[in-house]
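Each remark here refers to the structure printed beneath this line.
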Amino acid sequence: MAELRLDWKKVERAREAASVIAGQVTEHLASCTTVAVERAICRLFGIDGVNSFDVPLANLVVDHLRSRGVLAQGAAYWLAQAALSTGLTPTALAGAVASGSLDLTAHEKHDAFACKLWSKERADKALSRIRSSRTARESLIAQYGERSAPWLYAIVATGNIYDDLIQARAAAGQGADGIAVIRTTGQSPLD
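Here numbering that gives the first Met the number 0 is used: the first residue of the sequence shown is 0, the next is one more, and so on.
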């Protein structure tokens, strides 16, 4: 059998260096966000639906914040600021952004702690909905059993979300158990 003759002191130093580098990268990335993450947060906060051109409201909110150079602060922060100032729901805020009647960034007057409390309340509600759905699913599986293997898995990646939606619905209608909608090249490795 082949054997690697390594200097274990060098291996340990390499591991320590890798740990330091990974720690720095992780620390840096913790303060970063992406368009996909912010859209997901908007959806978790209840922003659903589309504008008159069938563009998802969550996308419009994120594009609005990105165009103003404030996306790095997070959609939750700006939605909280506007909601605390106007009393509107996240969905109503998104509708106002879509119609051009509201600039989310024009409402920055509340302290960060108030925004965190507002955001945490919505996040907790979203997590509760997710847990409830999971419990319901587990109950159905306990009652009727899990589908027998192999599961049918479909990948949809036309490059056009509207075409992807049509194909995903068709795959579900044909019995697909799991459907991956690939939005960007960078997403594939994450799946």
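Each residue gets a CB set at the ideal place from its N, CA and C atoms; glycine is no exception.
Bear in mind that the values here come from a model prediction, so they are computed numbers and not experimental data.
Between A82 and L92, the C-beta gap is smaller than 8 Å, which places the two residues in contact. Note that the C-beta distance between V60 and A74 is below 8 Å.
By the 16-neighbour rule on beta-carbons within 10 angstroms, N159 is exposed. Under the three-pair Cβ rule at 8 Å, the region 63 to 71 counts as touching the region 85 to 104. Between W150 and G172 the beta-carbon gap is near 16 Å, outside 8 Å, which marks them as no contact.
DSSP places P149 in the coil class of the three-state scheme, outside both helix and strand. A contact between stretches requires three or more CB pairs, one per stretch, nearer than 8 Å, and the region 41 to 57 meets this requirement with the region 84 to 91. It is roughly 21 Å from the alpha-carbon of L126 to the alpha-carbon of N58. Where I178 is concerned, the enclosing beta strand (DSSP E) starts and stops at G177 to V180. T25 and D162 have their alpha carbons spaced roughly 36 Å apart.
DSSP lists A179 as the bridge partner or partners of I154.
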